[in-house]
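Before any comments, here is the structure.
Number of protein chains: 2
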Amino acid sequence: MSLVVIGTVAFDAIETPFGKTDKIVGGAATYAGLAASYFYDQVKIVAVVGDDFPEQEIEDFHNHHISTEGIQIKTGEKSFFWAGKYHNDMNSRDTLVTELNVLADFDPIIPESYQDCEYLMLGNLTPQIQQTVIKRLHKRPKLIVMDTMNFWMDIAMDDLLETIKLVDVLTINDAEARQLSGEYSLVKAARKILAMGPKYLIIKKGEHGALLFNEDRIFAAPALPLADVFDPTGAGDTFAGGFIGYLAKVGTVNFNNMKNAIIYGSALASFCVEKFGTERLKHLTENDIKARIQEFVSLSSFNIIS
Amino acid sequence: MSLVVIGTVAFDAIETPFGKTDKIVGGAATYAGLAASYFYDQVKIVAVVGDDFPEQEIEDFHNHHISTEGIQIKTGEKSFFWAGKYHNDMNSRDTLVTELNVLADFDPIIPESYQDCEYLMLGNLTPQIQQTVIKRLHKRPKLIVMDTMNFWMDIAMDDLLETIKLVDVLTINDAEARQLSGEYSLVKAARKILAMGPKYLIIKKGEHGALLFNEDRIFAAPALPLADVFDPTGAGDTFAGGFIGYLAKVGTVNFNNMKNAIIYGSALASFCVEKFGTERLKHLTENDIKARIQEFVSLSSFNIIS
Chain A
1 MSLVVIGTVA
11 FDAIETPFGK
21 TDKIVGGAAT
31 YAGLAASYFY
41 DQVKIVAVVG
51 DDFPEQEIED
61 FHNHHISTEG
71 IQIKTGEKSF
81 FWAGKYHNDM
91 NSRDTLVTEL
101 NVLADFDPII
111 PESYQDCEYL
121 MLGNLTPQIQ
131 QTVIKRLHKR
141 PKLIVMDTMN
151 FWMDIAMDDL
161 LETIKLVDVL
171 TINDAEARQL
181 SGEYSLVKAA
191 RKILAMGPKY
201 LIIKKGEHGA
211 LLFNEDRIFA
221 APALPLADVF
231 DPTGAGDTFA
241 GGFIGYLAKV
251 GTVNFNNMKN
261 AIIYGSALAS
271 FCVEKFGTER
281 LKHLTENDIK
291 ARIQEFVSLS
301 SFNIIS
Chain B
1 MSLVVIGTVA
11 FDAIETPFGK
21 TDKIVGGAAT
31 YAGLAASYFY
41 DQVKIVAVVG
51 DDFPEQEIED
61 FHNHHISTEG
71 IQIKTGEKSF
81 FWAGKYHNDM
91 NSRDTLVTEL
101 NVLADFDPII
111 PESYQDCEYL
121 MLGNLTPQIQ
131 QTVIKRLHKR
141 PKLIVMDTMN
151 FWMDIAMDDL
161 LETIKLVDVL
171 TINDAEARQL
181 SGEYSLVKAA
191 RKILAMGPKY
201 LIIKKGEHGA
211 LLFNEDRIFA
221 APALPLADVF
231 DPTGAGDTFA
241 GGFIGYLAKV
251 GTVNFNNMKN
261 AIIYGSALAS
271 FCVEKFGTER
281 LKHLTENDIK
291 ARIQEFVSLS
301 SFNIIS
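Protein sequences appear in the order of chains A and B.
Position 260 of the first sequence, counting from 1, maps to 260 under the UniProt record's numbering, and the rest follow consecutively.
Position 61 of the second sequence, counting from 1, maps to 61 under the UniProt record's numbering, and the rest follow consecutively.
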């Protein structure tokens with residue numbers, strides 16, 4: 001049994017009010033895979049890179065017990081590259097460079113050893129490719145989680161709607177939920193989106209936490225209030241990876257476990273933003289995570305006897 | 001022992017995407033007083049109105065066991081009047097009319113029967129008047145809660161800072177916390193504001209809930225996700241009134257009780273926005289409140305055994 005993550009494994013160059021980086025390793029599958037690996041030891045990545053991708057980074061995946069058999073390395077080609085600059089509020093950013101490179105004709109290959117996939121994380125990519133991965137798995141996974149973004153709503157809405165139909169959990173942010181549903185109220189937006197297919201909807205609200213919707217039930221998770229957000233890149237992917245990794249660990253998919261999974265995902269995301277790129281995410285200990293979870297518990301618990 | 005609320009008792013004309021009202025009764029002290037009255041039966045209002053203010057509305061206060069001895073009625077003058085129009089997102093509004101009328105030279109009178117004040121709610125008003133009320137009480141109340149807004153930061157910052165020094169709890173929204181502190185991070189903003197005097201800071205984030213800060217502790221309360229926000233007018237005042245009313249009821253001021261008080265305040269605010277003006281707030285039952293609190297509990301509770 002395994003947890004398959006598909007998404008970008010790529011280079012980012014990031015500028016924030018706190019500093020800037022040269023090309024560092026990023027990508028949705030990188031963040032999600034690393035996050036999931038803290039809970040589950042059968043994480044397997046599907047991605048494509050160029051031959052410029054450092055061997056050491058592949059080693060780092062292996063050190064986290066992540067299988068890279070599904071990462072195609074294209075000789076003579078370059079990895080996907082994104083450069084962006086965050087504004088002072090850290091909630092908005094400008095894209096400075098997008099070089100698709102190997103991503104331009106990415107045809108995901110699912111190795112035979114990945115066919116035991118029980119948990120599938122579709123990181124942000126064209127909805128077409130996300131769908132292809134579902135179809136190339138011989139057996140439908142027990143749980144499919146899909147992340148996406150406004151970009152695909154703008155240019156590939158039909159594909160997006162078709163893919164959404166096939167998944168169990170959709171994760172998007174509040175602006176994207178409003179765009180996808182045409183509703184301002186997130187409660188109404190959630191009703192419409194759940195009618196599009198997914199059984200669960202997670203609306204990510206950044207510093208305001210996240211909402212989980214399922215039928216008539218709602219769970220509101222707080223975000224940890226942070227003095228400094230150093231680099232928000234990958235926080236959403238880290239959240240999704242921690243979320244599905246925790247569910248793979250507990251092995252039972254239900255609303256209560258999803259609530260906990262959201263707290264674990266939020267905890268990992270709160271680490272991710274403390275340093276540039278995957279730096280913080282690569283070196284967490286069990287105690288780091290335990291202590292952070294405890295912060296979430298005291299942050300949001302109250303005791304009313306009515 | 002009593003809970004004294006000072007603030008406006010006034011007329012509003014409100015336009016929202018759901019409809020519009022003629023002049024209806026509103027004002028910070030009206031909302032806060034009604035909200036507090038559901039928890040505590042010794043609520044006393046300090047305010048000023050003109051002789052255009054309906055006798056029935058004063059009766060309604062009495063029906064809620066609220067003392068109106070401190071409401072001055074100015075013969076031949078008109079009550080404060082505000083008209084506003086909410087935008088489609090319900091988070092922003094335009095002020096269409098502000099007629100100060102009796103408020104222009106409001107000199108708050110504290111009746112002798114109010115001198116047993118243990119809990120003082122300073123509803124949004126000029127910081128100068130808020131301060132006068134504190135000084136006119138012979139004995140400092142056990143707890144002083146102050147609500148204010150960006151308007152006073154723009155035109156009366158020095159007065160505001162002087163008044164803030166004297167209170168225990170300050171309630172403002174996130175934009176106001178950023179303006180008051182000059183910090184974008186709410187954690188840093190809170191540190192600076194707590195250094196200005198108050199022991200507790202509540203940052204109201206509307207549909208995203210509220211944060212309570214005290215020394216190094218933080219509590220994050222969710223807001224109830226609502227399908228329709230009919231009229232947000234008075235929600236902040238209702239929140240503050242419910243908050244201090246609950247604390248007056250339990251009688252002990254500490255962080256744990258404040259957490260519960262925020263949930264009760266949020267619950268009452270969630271009723272407030274369901275109808276225009278005070279309509280919903282005037283007719284709550286104990287069971288309504290109990291059921292709503294239960295919704296908050298299931299909304300935010302999770303159970304992680306680590």
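Where is the CB? At the ideal position from N, CA and C, for every residue including glycine.
Are the Cβ atoms of residue i and residue j separated by less than 7 angstroms?
i      : j      : result
B/S37  : B/I66  : yes
A/K78  : A/D52  : yes
A/Y40  : A/A248 : yes
B/D158 : B/A32  : no
B/V97  : B/K74  : no
B/I110 : B/R136 : yes
B/A29  : B/I14  : no
A/A240 : A/D174 : no
A/P127 : A/T163 : yes
B/V48  : B/C117 : no
B/I218 : A/L299 : yes
B/L201 : B/D168 : no
B/F243 : B/G265 : yes
When we look at the beta-carbon of residue i and count the other beta-carbons within 10 Å, is it buried (16 or more) or exposed?
i      : result
A/H138 : exposed
B/D231 : buried
B/T95  : exposed
B/D12  : buried
A/L170 : buried
B/A291 : exposed
A/R140 : exposed
A/V133 : buried
A/V155 : The sequence given here places Ile at residue 155 of chain A; Val does not occur at that position. Exposed, because fewer than 16 other Cβ atoms sit within 10 Å of the Cβ of A/I155.
A/L100 : exposed
B/F255 : exposed
A/S113 : exposed
B/A104 : exposed
B/G209 : buried
B/Q294 : exposed
A/I305 : exposed
B/T252 : exposed
A/M1   : exposed
B/K204 : buried
B/F151 : exposed
B/G76  : exposed
B/Q115 : exposed
Check the Cβ of residue i against every Cβ in chain C and list those closer than 7 angstroms, keeping chain order.
i      : result
A/N287 : Protein chains A and B are contained in the structure displayed, whereas chain C is not.
Is there at least one non-hydrogen atom of the ligand FAD closer than 6 angstroms to the beta-carbon of residue i?
i     : result
B/H87 : Among the components of this structure there are no ligands whatsoever, and the ligand FAD is therefore not found.
Anything in chain A within Cβ reach of residue i, meaning under 7 angstroms, just list it in chain order.
i      : result
B/K205 : H208
B/V297 : I304
Chain A partners of residue i, CB-CB under 9 angstroms?
i      : result
B/L247 : Per Cβ cutoff of 9 angstroms: no residues; B/L247 is ~13 angstroms from chain A at best.
Check the Cβ of residue i against every Cβ in chain B and list those closer than 7 angstroms, keeping chain order.
i                      : result
residue 327 of chain A : What is shown of chain A runs 1 to 306, which leaves residue 327 of chain A out entirely.
Next item on the list: Kindly confirm or deny that the segment 62-76 of chain B and the segment 260-278 of chain B touch, where touching means at least three C-beta pairs closer than 8 angstroms.
Entry: Too few Cβ pairs lie closer than 8 angstroms, so no.
Check: Closer than 9 angstroms, Cβ to any Cβ of chain B: which residues of the segment 77-94 of chain A, in chain order?
Finding: Legend: CB atoms of the segment 77-94 of chain A lying less than 9 angstroms from CB atoms of chain B belong to residues N88, D89 and M90.
Notebook entry, point to check: Does the pairing of the segment 184-197 of chain A with the segment 223-241 of chain B give three or more beta-carbon distances under 8 angstroms?
Noted result: Contact between the segment 184-197 of chain A and the segment 223-241 of chain B is present, because at least three Cβ pairs lie under 8 angstroms.
Item checked: Short-range partners of chain A found in the segment 207-238 of chain B, where Cβ spacing is below 9 angstroms -> Contact residues of the segment 207-238 of chain B toward chain A are E207, H208, G209, L211, F213, R217, I218, F219, A220, A221, P222, A223, L224, P225, L226, A227, D228 and V229 (C-beta to C-beta distance below 9 angstroms).
Margin query: Any C-beta of chain A within less than 7 angstroms: which residues of the segment 179-190 of chain B qualify?
Written below: Hits within the stretch, in order: Y184, S185, L186, V187 and K188.
Check: What residues in the segment 258-283 of chain B bring their beta carbon closer than 9 angstroms to a beta carbon of chain A?
Finding: Listed in sequence order: K259, N260, I262, I263 and Y264.
Next item on the list: Mind the definition here: the segment 82-89 of chain A touches the segment 194-201 of chain A only if three or more C-beta pairs lie below 8 angstroms; say whether that holds.
Entry: Verdict: no, contact absent.
Margin query: Which residues of the segment 101-115 of chain A have a Cβ closer than 7 angstroms to any Cβ of chain B? Give them in chain order.
Written below: Within the segment 101-115 of chain A, no residue has a Cβ that lies closer than 7 angstroms to any Cβ of chain B.
Next item on the list: Note down, in chain order, all residues in the segment 20-46 of chain A with a beta-carbon under 7 angstroms from any beta-carbon belonging to chain B.
Entry: Within the segment 20-46 of chain A, no residue has a Cβ that lies closer than 7 angstroms to any Cβ of chain B.
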